[in-house]
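Numbering (my numbering), first residue to last: 9 to 292.
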Amino acid sequence: MNNGDFLRDMLAKANKEGYAVPSFNYSCAWDFLAIIEAAEEEKAPIMVASHSLVFNMMTPEINAAMGAAAMKRAGIPLIHHLDHSNEVSICNAAIDLGYPSVMIDASTLSLEDNIKAVKAVVEHAKAKNVCVEAEIGKIKGNGYEGGFEGKDFLAQVDDAVKFVNETGLDNLAVGIGTAHGFYEGKPEIHFDRLEEINEAVDVPLVLHGGSGIPEADIRMAIKGGINKINVGTIIHCTLMNSFRKDLMELGDNQFTLDIARPAMDEVKEVVKGWIRKCMANGKA
Ligand code: 13P
Numbered sequence: 009m010n011n012g013d014f015l016r017d018m019l020a021k022a023n024k025e026g027y028a029v030p031s032f033n034y035s036c037a038w039d040f041l042a043i044i045e046a047a048e049e050e051k052a053p054i055m056v057a058s059h060s061l062v063f064n065m066m067t068p069e070i071n072a073a074m075g076a077a078a079m080k081r082a083g084i085p086l087i088h089h090l091d092h093s094n095e096v097s098i099c100n101a102a103i104d105l106g107y108p109s110v111m112i113d114a115s116t117l118s119l120e121d122n123i124k125a126v127k128a129v130v131e132h133a134k135a136k137n138v139c140v141e142a143e144i145g146k147i148k149g150n151g152y153e154g155g156f157e158g159k160d161f162l163a164q165v166d167d168a169v170k171f172v173n174e175t176g177l178d179n180l181a182v183g184i185g186t187a188h189g190f191y192e193g194k195p196e197i198h199f200d201r202l203e204e205i206n207e208a209v210d211v212p213l214v215l216h217g218g219s220g221i222p223e224a225d226i227r228m229a230i231k232g233g234i235n236k237i238n239v240g241t242i243i244h245c246t247l248m249n250s251f252r253k254d255l256m257e258l259g260d261n262q263f264t265l266d267i268a269r270p271a272m273d274e275v276k277e278v279v280k281g282w283i284r285k286c287m288a289n290g291k292a
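So this is what it looks like as structure tokens:
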């Protein structure tokens with residue numbers, strides 16, 4: 009059964025064998041299916057994630073049912089995850105609907121309030137064997153998943169230790185310079201801080217803001233202790249750009265399915281590239 013323990017084992021294996029489990033954000037059925045097809049062809053363990061906008065727009069019930077069906081039928085280790093939710097109630101709703109993993113993002117609050125919010129979700133999640141991810145420091149940029157434009161983004165080691173110890177969270181997202189959305193210029197990732205946090209805490213670490221991070225930096229991040237890497241913007245941009253290109257070429261009155269398959273194939277190529285960057289290919 010693909011529950012919290014299943015994810016704990018997936019991330020422990022990645023840590024031991026030196027790769028990261030990629031977590032891909034989807035926004036509709038087409039990219040959702042393309043991501044899973046790509047992972048099956050690459051024989052890779054992955055996560056598929058809906059952030060809270062998708063969760064609400066698709067409706068929590070339909071979203072959860074799609075995830076549950078996919079986890080049951082996929083030919084690879086697959087975990088359906090709720091990405092960035094600012095509300096404890098949304099995380100708890102996802103837990104009740106069978107999500108095996110959720111992220112409560114209260115990183116814009118004070119450390120004490122962040123701890124309080126995470127503890128509330130962890131309490132609810134524990135009874136149902138669900139993993140909880142939470143964030144220390146801030147992910148920069150500007151995307152659906154949130155963003156931060158200020159200078160005070162870097163996770164502090166002492167805060168990370170207190171955060172992990174007091175909340176009982178499972179997976180820790182670290183603000184080390186990465187950003188949601190595409191980067192302007194080269195990302196400046198604080199690998200030294202990543203290593204310090206990795207030394208100080210004993211939980212899997214998560215890198216957000218994957219789209220646009222060069223392969224060499226991804227490899228450095230994995231070496232520095234990252235076990236899960238989130239990728240979103242490049243997925244929905246690839247899908248929408250493919251739709252747009254085909255619609256422009258084909259003109260009016262096209263059937264959805266005529267443009268869905270080529271778009272899915274383009275998404276699959278992007279996903280496969282990311283699986284290989286994370287060195288998760290062949291690890292299923
Ligand atoms: P990108 O959209 O920048 O790839 O980031 C995704 C992410 O971190 C989701 O939490």
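We put the beta carbon where it would ideally sit given N, CA and C, even for glycine.
Since we're looking at a predicted model, the values are computed, not measured.
Taken through DSSP and simplified to helix, strand or coil, Lys236 comes out as strand. DSSP places Gly12 inside the alpha helix (DSSP H), whose first and last residues are 12-25. Here the C-alpha atom of Asp160 lies approximately 35 Å from the C-alpha atom of Leu86. It is roughly 6 Å from the alpha-carbon of Glu153 to the alpha-carbon of His92. Using a 10 angstroms sphere on the CB of Leu255, the tally of other CB atoms stays under 16, which defines it as exposed. CA-CA distance, Lys24 to Lys291, rounds to 12 Å. Under the three-state reduction of DSSP output, Val140 falls in the strand class. Pairing Met111 with Ala133 gives a Cβ-Cβ distance that is not under 8 Å. Taking a C-beta distance under 8 Å as the contact criterion, Leu90 and Val130 do not qualify as a contact pair.
The count of Cβ pairs closer than 8 Å, one atom from the segment 25-32 and one from the segment 56-65, reaches three, so the stretches are in contact.
The three-state reading of DSSP puts His198 in coil, since its state is none of H, G, I, E or B. When the beta-carbon positions are compared, Val278 and Ile230 stay at least 8 Å from each other.
When C-alpha distances from Tyr107 are compared across Ala73, Val126, Ala128, Ala125, the shortest belongs to Ala73.
Asn289: not part of any beta strand (DSSP E); DSSP gives it neither H nor E.
Excluding the 5 residues flanking it on each side, Ala37 has same chain C-beta neighbours closer than 8 Å at Met74, in chain order. With three or more CB-CB distances shorter than 8 Å, the segment 203-212 counts as touching the segment 165-181. Contact check for Ala114 against Ala102 fails: the beta carbons are separated by 8 Å or more. No residue range can be given for Pro222, since it is assigned to no alpha helix (DSSP H) and is classified by DSSP as neither H nor E. Our two residues, Ser250 and Tyr191, have alpha carbons roughly 21 Å apart in a direct line.
As DSSP reads the structure, Met111 sits in a beta bridge with Glu141.
Boundaries cannot be given for Pro85, as no beta strand (DSSP E) includes it and DSSP labels it neither H nor E. The bridge partners DSSP lists for Ala57 are Asn33, His89. An exposed status is given to Ser118, since fewer than 16 other beta-carbon atoms sit within 10 Å of its beta-carbon.
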